[in-house]
Amino acid sequence: MRIKEEFAQRIIEAAIKAGADKAEVYIVRARSVSVEVKDGEVDSLDTSSDFGYALRVLKDERPGFSYSTTGDDWQTVVDSALDVARFTERDPSIDIAEPQEDEDIQTHDPEIASADETRIVECARMIEEEAYRTDPRVKKIRKAEAGFSESEVLISNTKGLTKGYKATSVIGQIMLAAEQADEAQMGWGYESSRFLKNIDFRRVGQDAAMRAVRLLGARRASTTKGFVLVEASVAAELLGILSSSFSSENVQKGKSMLMNKKDEQVFSELVCIVDNPLLSEYVGSRPFDAEGVTSRRNIVVDRGVLKGYLYNIYTARRENLHSTGNAIRGGIQSPPSVGISNFYIEPASPESVRSYAELVKGIDKGMIVTEAMGMHTANPITGEFSVGVTGLWVKNGKIDHPVKEAAISGNLIDLFNKVVAFSDNTRFYGRVGSPDILIEGINISG
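Just so it is clear: in the sequence shown, position 149 is 148 by numbering that gives the first Met the number 0, and no numbers are missing.
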């Protein structure tokens with residue numbers, strides 16, 4: 000799988016010849032294989048292979064855009080982009096990237112790239128086998144899946160920038176039910192990475208089984224106010240909702256709960272939040288963003304203080320700033336927007352980091368939240384949320400019993416202001432990562 004630079008140069012040259020002042024072509028090629036197994040047999044096997052490219056042009060500061068999934072009609076794409084530019088408004092904030100030197104980070108695993116379908120089926124089977132092996136109360140498995148993918152990106156523009164990179168990714172996931180008497184509890188497991196060596200498929204199945212089994216015998220929670228230990232998976236969901244407020248695009252549109260708060264104390268002084276595309280082998284890692292801007296580590300919250308937002312070229316120029324290297328593309332069908340790479344919570348102080356067992360031991364009365372339902376209903380603009388939760392009740396520093404039908408509500412900013420400690424185990428769920436987080440003074444509704 001290889002994208003030829005000559006193809007990109009041909010499009011750029013044609014765009015200039017057709018009258019463009021500036022032009023940029025973004026080309027992507029990808030292939031993937033996903034396998035689901037049930038009772039040891041292949042339930043579904045999906046393969047895909049995609050190719051496409053998008054052209055952006057500027058003519059008298061008027062933007063034009065076009066794309067295609069066919070390599071033969073590039074001249075039509077050029078003509079279409081220039082036609083669009085005739086009817087758009089002038090916008091001096093739109094620009095393309097300057098050539099820069101990128102850091103060498105690990106994004107491509109030959110072991111994933113060369114894996115055949117037999118290997119991928121074996122990985123999915125390992126997940127299912129381990130789930131059943133972990134506990135006999137695991138009775139039903141809805142989905143045990145392994146997915147391998149490889150992609151290549153190339154960007155070229157009229158400022159002399161031409162560069163690309165290859166990337167791979169692998170995921171293992173499962174959804175299952177554990178049963179006891181007339182009760183059933185759901186559990187899930189998930190791991191992802193750019194490198195196969197970082198995934199333990201058996202652990203994925205084991206995690207899911209343990210998540211389900213530990214909730215069997217759950218009782219209704221009591222209404223109280225106390226400590227809540229938010230497990231990493233739920234904390235990552237909360238952070239994912241919060242992440243949109245760091246987008247300069249949303250800030251400029253008035254759709255961020257953090258607008259007009261730069262350099263203010265917004266969270267607990269124990270909280271740092273980082274966006275870092277330079278972490279080798281992570282799913283969001285990349286040497287440059289979707290406009291070709293060199294990747295860099297961005298600290299958006301430092302000891303609770305909002306230090307800034309995430310930018311692409313356009314949003315940065317609107318504020319006379321430089322891009323933070325956070326241009327993303329949802330595909331070739333639309334121009335770049337702003338998004339995260341590897342976005343995670345980092346404890347500001349080692350004194351606030353403890354083992355999971357120590358965190359539990361420090362709770363006199365409260366709850367470990369293992370699952371949250373209805374997280375999608377949280378308001379990303381105001382930060383208000385109200386979610387149903389399940390988990391484990393803690394009394395005098397010990398897990399007492401599993402709980403169900405509880406709820407927590409409030410505001411995300413307030414929630415992250417009440418953080419008192421973190422576990423020593425940060426886990427990533429896709430592009431968002433977090434340790435387990437201990438939060439004080441939370442209202443738990445039964």
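Note that the Cβ used here is the ideal one computed from N, Cα and C, for glycine as well.
| For isoleucine 380 versus lysine 261, is the C-beta spacing smaller than 9 Å? | Going by C-beta atoms, isoleucine 380 is not nearer than 9 Å to lysine 261.
- alanine 347 vs glutamate 268 beta-carbon contact at 9 Å: It is a contact, given that the beta carbons lie within the stated cut-off.
How would you label leucine 320, buried or exposed, when you count the other beta carbons within 10 angstroms and need 16 or more for buried?
-> Counting Cβ neighbours within 10 Å, leucine 320 comes out exposed, since fewer than 16 surround it.
Serine 65 and alanine 235: beta carbons closer than 9 Å?
Cβ atoms of serine 65 and alanine 235: not closer than 9 Å.
Check this for me: beta carbons of threonine 425 and glutamate 280, under 9 Å apart or not? Their beta carbons are not under 9 Å apart, which means threonine 425 does not touch glutamate 280 by this criterion.
Where do the ends of the beta strand (DSSP E) carrying aspartate 49 lie? Where aspartate 49 is concerned, the enclosing beta strand (DSSP E) stretches over 40-58.
| Using 8 Å as the threshold, is the region 74-86 in touch with the region 47-63, meaning 3 or more CB pairs across them? | Segment contact: the region 74-86 against the region 47-63, three or more CB-CB distances shorter than 8 Å; contact assigned.
Note to self: Closest to glutamate 439 by C-alpha separation, out of Val419, Asp423, Arg1, would be which residue?
What the structure shows: Cα-wise, what sits closest to glutamate 439 is Val419.
- Quick one: what's got a C-beta closer than 6 Å to glutamate 97's C-beta in the same chain, skipping five residues either side? Within the same chain, glutamate 97 has close Cβ partners Lys158.
Open item on the list: Considering just the uninterrupted stretch of the beta strand (DSSP E) at isoleucine 119, what are its terminal residues?
Closed with: Here isoleucine 119 belongs to no beta strand (DSSP E); instead the alpha helix (DSSP H) covers 116-133.
Item checked: Three or more C-beta pairs below 8 Å linking the region 32-39 and the region 190-202 -> Counting Cβ pairs under 8 Å, fewer than three are found: no touch.
**Asked** Hey, quick one: how far does the beta strand (DSSP E) through proline 401 stretch, first residue to last?
**Response** From DSSP, the beta strand (DSSP E) with proline 401 extends over 397-410.
| Exposed or buried, glycine 373, counting other C-beta atoms within 10 Å across all chains shown (16 or more means buried)? | It is exposed - the Cβ of glycine 373 has fewer than 16 other Cβ atoms within 10 Å.
| DSSP on serine 79, reduced to helix/strand/coil? | Reduced to three states, the DSSP call for serine 79 is helix.
Exercise. List the endpoints of the continuous beta strand (DSSP E) containing alanine 420.
Key: That run of the beta strand (DSSP E) goes 418-422.
**Q.** Residues near arginine 328 in its chain [Cβ-Cβ closer than 6 Å; skip 5 each side]
**A.** If we look at arginine 328 and ignore the five residues flanking it on each side, its Cβ neighbours are Ala289, Pro335.
Item to complete: Run the proximity test for aspartate 301: is its beta-carbon closer than 8 Å to any non-hydrogen atom belonging to the ligand ZN?
Response: Annotation note on the ligand ZN: not contained in the displayed structure, which lists no ligands.
ask   = Who are the near neighbours of aspartate 206 in its chain, counting only those whose CB is closer than 6 Å to its CB and skipping five residues on each side?
value = Result list for aspartate 206: Gly188, in chain order.
- prompt: For the region 403-412 against the region 207-225, are there 3 or more C-beta pairs whose distance is under 8 Å?
  reply: Output reads yes: the region 207-225 touches the region 403-412.
I'd like the list of long-range same chain contacts for arginine 296, defined as Cβ closer than 7 Å, with 5 residues on each side in sequence excluded. Taken in chain order, the residues that qualify are Val273, Asn275, Leu277.
Taking serine 247 as part of the alpha helix (DSSP H), name the residues at either end of that continuous run.
-> Unbroken alpha helix (DSSP H) run through serine 247: 247-251.
Check your understanding: Should threonine 376 be labelled buried (16 or more other beta-carbon atoms within 10 Å of its own) or exposed?
Key -> Looking at its Cβ environment, which holds fewer than 16 other Cβ atoms inside 10 Å, threonine 376 is exposed.
Span of the alpha helix (DSSP H) around glutamate 5: The continuous alpha helix (DSSP H) containing glutamate 5 extends over residues 4-16.
Quiz item: When DSSP labels each residue in this structure, what does serine 348 get in the three-state scheme?
Solution: Coil at serine 348, not helix or strand.
Quiz prompt | Other residues of its chain near alanine 143: CB distance less than 6 Å, five sequence neighbours each side excluded | solution = Answer for alanine 143: Val36, Ala123, Ile126, Glu127, Ile173, listed in chain order.
* Return helix, strand or coil for glycine 382, following the three-state DSSP convention. => In the structure shown, glycine 382 adopts coil according to DSSP, grouped into three states.
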